[in-house]
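Single-structure report; data block below.
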């Protein structure tokens, strides 16, 4: 009875969220890769991984999400010789860039069999494509059965969790749409830099740290940001909210935001370099 009540409330919340929201994220489902595995070939000899990926995609499709087919996008990229590198993180980033997805889902499958029966476990993890921030996670187990049909157990494990997982993704995406996505800004100095955070920048009458906070205040969503700390050699904004979309309704990524900061600081004749790793932006004053 308790399980029935919980399932009822999940279904009710799921239905309510969908009735109030038509701006669902675009989804791409990709396979989990272990060290040494190639994202481009990991599905070739692993039917259980293919089943899990397909069932998760079908779960989103049946709930009115727009999905991008990983296999189709991968084939297109190969045919057009998009991949010029073998670095797995670069390959993953390129596929996600080509997908145009708002959220990507990673599926990982494991199975267990002994004298008492067989079971399958599927780990489903959702990430915001623009930043790599985690937005939803679910571990789902098929339960133990006396069967050799392991493929069916993988499908069962996925199906058991899709209502709850898609609700989690939708709810988190709604929050991001409303409140913005979070990035971290790390401002530092090279060893040979002639300035620090207390240096007054010519033509502004303000110290560098004050200029940075003033700009972030004006260029964060609803002025929402938090400073972790400031020293002469470092200033870290551990959370800055930026919009989900730009004025052209395209994804507004941490890379685009970093470019805006870069252009502003260059306009002050400051010698800087930048690096972006997921949702973290590093700005170095040279």
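In my numbering, the protein residues as written are 101 to 386. Glycine included, every Cβ here is placed at the ideal spot set by N, Cα and C.
Item                                                                                                                                                               : Value
Sort out for me which residues DSSP pairs residue 376 with in a bridge.                                                                                            : 381
Whole angstroms is fine: what's the gap from residue 128's alpha carbon to residue 166's?                                                                          : 9 Å
Suppose you measure from the CA of residue 383 to the CA of residue 285; what does that come to, to the nearest Å?                                                 : 8 Å
If you draw a straight line from the alpha carbon of residue 170 to that of residue 208, how long is it in whole angstroms?                                        : 15 Å
In three-state DSSP terms, what is residue 275?                                                                                                                    : helix
In the DSSP output, what is residue 180 paired with across the bridge?                                                                                             : Note: residue 180 sits in no beta bridge, so no partner.
Using a Cβ-Cβ cut-off of 7 Å (strictly less than) and excluding sequence neighbours within five positions of residue 376, which residues of its own chain qualify? : 354, 355, 358
Who are the Cβ neighbours of residue 299 in its own chain at under 8 Å, not counting the five residues just before and after it?                                   : 307, 308
So, is residue 228 buried or exposed, given that buried needs 16 or more other C-beta atoms within 10 angstroms?                                                   : buried
For residue 148, would you say it is in contact with chain C, using Cβ-to-Cβ distances shorter than 9 Å as the test?                                               : Here there is only one protein chain, and chain C is not present.
Given that a residue counts as buried once 16 or more other Cβ atoms are within 10 Å of its Cβ, and exposed if not, what is residue 164?                           : exposed
Would you kindly report the start and end of the unbroken alpha helix (DSSP H) that includes residue 156?                                                          : 147-161
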